[in-house]
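Trainee:
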Amino acid sequence: MTSAVSLLALAGLALAACSSEPDAAASEPSGEGQEACGTEPLRFSDTGVEGLEVLQVEFEDFRAALEEATELEIEFQPMSSRTAAATALEFDDLDVLLTGPAEYVVLKHDADALPIVGVTRENYQAAIFTRTDSDAESVEDLAGGQIITKEVGSTSGHLGPLEMLDSAGLDPTLGDIEVIPLADTQLEAFAGGDGDALGSGISDFEELQDMMGEDQVQMLEEGPDLPNDLFVARTGLGEECADYLKASLLENQEVLLEAIVGTGENDKYIGSEFVDAQDGDYDPVRRSFEAAGYSDYSQLPDENEPAEADDDVEED
């Protein structure tokens, strides 16, 4: 009897010892997300947002929703500029980024960013406007004149109109037309009588009509749909992780998009969808870079930086 009791006691101690040891299988990463992307938190940012506090206000709901959709830990990594984002992607300090078409072209060039999914935007088109008393009946008729645009690098307000000029055979770098980029004052300048035409987003037409009168301004030409905003990943994450993130975003897009627009800070994405994104979709933006004199895409200035086109190109 004593031996039996001793054996039972030893068995109990052995079981207690086993239960006190960490469960190796339970501590290991599990799930498709960890298999594809690893166990480290994915660092997320947006090139249009500066500072951690603003990033939290605008994207905390999205960050939480993305964690649930991917079963991966997501943390914020604020970026001060597109240049900073390119450096962070290149040196593995940033994993996933929401960015615009112009920024993507630079990020692809500088850091070989991987496109994940596109984000459509309603009425995301450029347009060229003239006054109703203008003699111009087509974009070609603007040759020798002046066109006002938004700041250098704006996809809808600068690069888009330049691509339209390029398609019409007008090359600003050769002096066919003078381009005058303005930051935040382009509508007022045109309404005040400056320039022969205005290149801006098509959504600005109503505001122009309010400023000038409906019978004083007209849309000379409407541009094609612009390439989508998009999520990109650093190339070091690998194709398997990028594919996993793409599938997760597409499968959960209703919840994720609601999280983006629900804060009231990202109204441009109301009515948006997540769609397939391919590098070739952004070739029109590359053509507009070249039309602007930035054949080296890295030279496109960040917001509030002075614009410096290629040295061998005449500046506007």
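If you count by mature numbering (1 follows the signal peptide of the UniProt record, and there is no 0), then the sequence shown holds residues -16 to -1, 1 to 300, one letter each, in order.
A virtual CB, placed ideally from N, CA and C, is assigned to each residue, including glycine.
Give a yes or no on whether the C-beta atoms belonging to isoleucine 112 and aspartate 178 are separated by under 8 Å.
Mentor: No.
Trainee: Please name the residue in Asn236, Glu205, Asp213 whose C-alpha comes closest to that of lysine 252.
Mentor: Among Asn236, Glu205, Asp213, the Cα nearest to that of lysine 252 belongs to Asp213.
Trainee: Is glutamate 42 near asparagine 236, with beta carbons less than 8 Å apart?
Mentor: Going by C-beta atoms, glutamate 42 is not nearer than 8 Å to asparagine 236.
Trainee: In three-state terms, what does DSSP make of glutamine 170?
Mentor: Three-state DSSP puts glutamine 170 in a helix.
Trainee: Going by DSSP in three states, glycine 159 sits in which element: helix, strand or coil?
Mentor: Correct three-state label for glycine 159: coil.
Trainee: Which class does alanine 95 belong to by DSSP, given the choice of helix, strand or coil?
Mentor: Correct three-state label for alanine 95: helix.
Trainee: In the DSSP assignment, find the beta strand (DSSP E) that holds threonine 83 and state where it starts and stops.
Mentor: Where threonine 83 is concerned, the enclosing beta strand (DSSP E) stretches over 80 to 83.
Trainee: What are the start and end residues of the alpha helix (DSSP H) that includes leucine 146?
Mentor: Note, leucine 146: alpha helix (DSSP H), 144 to 151.
Trainee: Would you call glutamate 274 buried or exposed, if buried means 16 or more other Cβ atoms sit within 10 Å of its Cβ?
Mentor: With 16 or more other Cβ atoms within 10 Å, it is buried.
Trainee: Looking at C-alpha atoms only, which residue of Cys21, Val216, Thr23, Gly84 is the closest neighbour of threonine 139?
Mentor: Ranking the options by Cα distance to threonine 139, first place goes to Gly84.
Trainee: Among the candidates Asp209, Ile244, Ala110, Tyr266, whose CA atom is the shortest distance from the CA of residue 302?
Mentor: In the structure displayed, the chain extends from -16 to 300; residue 302 sits before or after that span and is not available.
Trainee: Tell whether a beta-carbon distance below 8 Å holds between glycine 78 and arginine 270.
Mentor: Here residue 78 turns out to be leucine, not glycine, going by the sequence shown. No, these two residues do not count as a Cβ contact at 8 Å.
Trainee: Can you confirm whether the segment 92 to 112 touches the segment 191 to 210 when touching is taken to mean that 3 or more C-beta pairs between the two stretches lie within less than 8 Å?
Mentor: Touching, yes, given that three or more Cβ pairs across the two stretches are closer than 8 Å.
Trainee: Using only the alpha-carbon positions, how far apart do glutamate 135 and glycine 144 sit?
Mentor: In a straight line, the C-alpha of glutamate 135 is about 12 Å away from that of glycine 144.
Trainee: Check for me: the alpha helix (DSSP H) holding glycine 17 runs from which residue to which?
Mentor: Note, glycine 17: alpha helix (DSSP H), 16 to 21.
Trainee: Do the CB positions of leucine 233 and valine 101 come within less than 8 Å of each other?
Mentor: Yes, the Cβ-Cβ distance between leucine 233 and valine 101 is below 8 Å.
Trainee: Going by DSSP, what residue range makes up the beta strand (DSSP E) through glutamine 130?
Mentor: Run containing glutamine 130: 130 to 133, per the beta strand (DSSP E) assignment.
Trainee: Following the continuous alpha helix (DSSP H) through glutamate 242, name the residue where it begins and the one where it ends.
Mentor: Segment 237 to 245, the alpha helix (DSSP H) holding glutamate 242.
Trainee: Quick test of your reading: glycine 183 and isoleucine 161, contact by CB under 8 Å. State the CB separation rounded to the nearest angstrom.
Mentor: Wrong, their Cβ atoms sit about 10 Å apart, outside the cutoff.
Trainee: Would you mind working out which of Ala97, Gly141, Leu91 sits nearest aspartate 280, comparing C-alpha positions?
Mentor: Of Ala97, Gly141, Leu91, the residue nearest in Cα terms is Leu91.
Trainee: Short check: CB of valine 259 to CB of threonine 54, under 8 Å?
Mentor: No. Outside cutoff.
Trainee: Taking 8 Å as the threshold (C-beta atoms), are leucine 82 and phenylalanine 189 in contact?
Mentor: Going by C-beta atoms, phenylalanine 189 is not nearer than 8 Å to leucine 82.
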